[in-house]
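**Student:** Going by our numbering, 1048 is the number at position 30 of the sequence shown; the sequence numbering is gapless.
Beta carbons are placed, not taken as given, at the ideal position from N, Cα and C, and that holds for glycine.
Below is one structure. I have some questions about it.
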Amino acid sequence: MKYCPICKACYEDAEDRCTKDRIFLIEAFPGQRLVDKYRIDALIGQGGMGAVYRATHLELDRVVALKVVLPDYVSNSETLERFRREARAAARLNHSSVITIYDFGVLENGRAYLAMELLDGRSLRDEIEKLGIISPKRTLEILKPVCEAVQAAHNAGV
């Protein structure tokens, strides 16, 4: 079973895109296990390359954010290799403003996944929708850790 993240319409597994919104469908698989390590608990969101799930590492009982590459990228080895390089680069970073990468792998169907630290909080979009116009003070509070993360990446050669 798959569904559209915009209109929430349900589709069979063979479908890739919503017939109404033309967006990639998301696999609705809470409770499903991935590579016998992770249990999918909930969908968090969908980005340009993949869907992100709240998941639990079953052996460690650790809650993680699990990014799984969208089906459109499965057949593209160049994109898969880019995803692998990004995972390695992010895993080299050790900074309080950068999430921790725990795991990377490729599923039997060729889709790559990345397990990372799960952060509580709101997205920048949610913050803007809540506050409307963001004050200069709040903007600096938001951007300071972002700039620190960019500096950490630069220092690490990423």
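Using a 10 Å radius around the Cβ and a threshold of 16 neighbouring Cβ atoms, would you call A1032 buried or exposed?
**Tutor:** Label assigned to A1032: exposed.
**Student:** Provide the residue span of the beta strand (DSSP E) that contains K1085, from first to last.
**Tutor:** First-last of the beta strand (DSSP E) with K1085: 1080 to 1087.
**Student:** Taking only three categories from DSSP, how would you classify E1147?
**Tutor:** Of the three classes helix, strand and coil, the one that applies to E1147 here is helix, per DSSP.
**Student:** With DSSP as the reference, label K1020 as helix, strand or coil.
**Tutor:** Three-state result, K1020: strand.
**Student:** If you follow the beta strand (DSSP E) that V1124 is part of, which residue opens it and which one closes it?
**Tutor:** Segment 1119 to 1124, the beta strand (DSSP E) holding V1124.
**Student:** Can you pull the DSSP bridge partners for H1075?
**Tutor:** Paired residue(s): Y1056, R1080.
**Student:** What separation, rounded to the nearest whole angstrom, lies between the Cα atoms of F1122 and H1172?
**Tutor:** The straight-line gap from Cα to Cα measures roughly 22 Å.
**Student:** Whose C-beta lies closer than 8 Å to the C-beta of L1076 among residues of the same chain, with five residues either side of it excluded?
**Tutor:** Same-chain partners within the cutoff: R1051, D1054, K1055, Y1056, R1057.
**Student:** Using alpha carbons as the reference points, say which of R1143, V1116, E1096, E1147 lies closest to K1162.
**Tutor:** The residue with the shortest Cα to Cα distance from K1162 is V1116.
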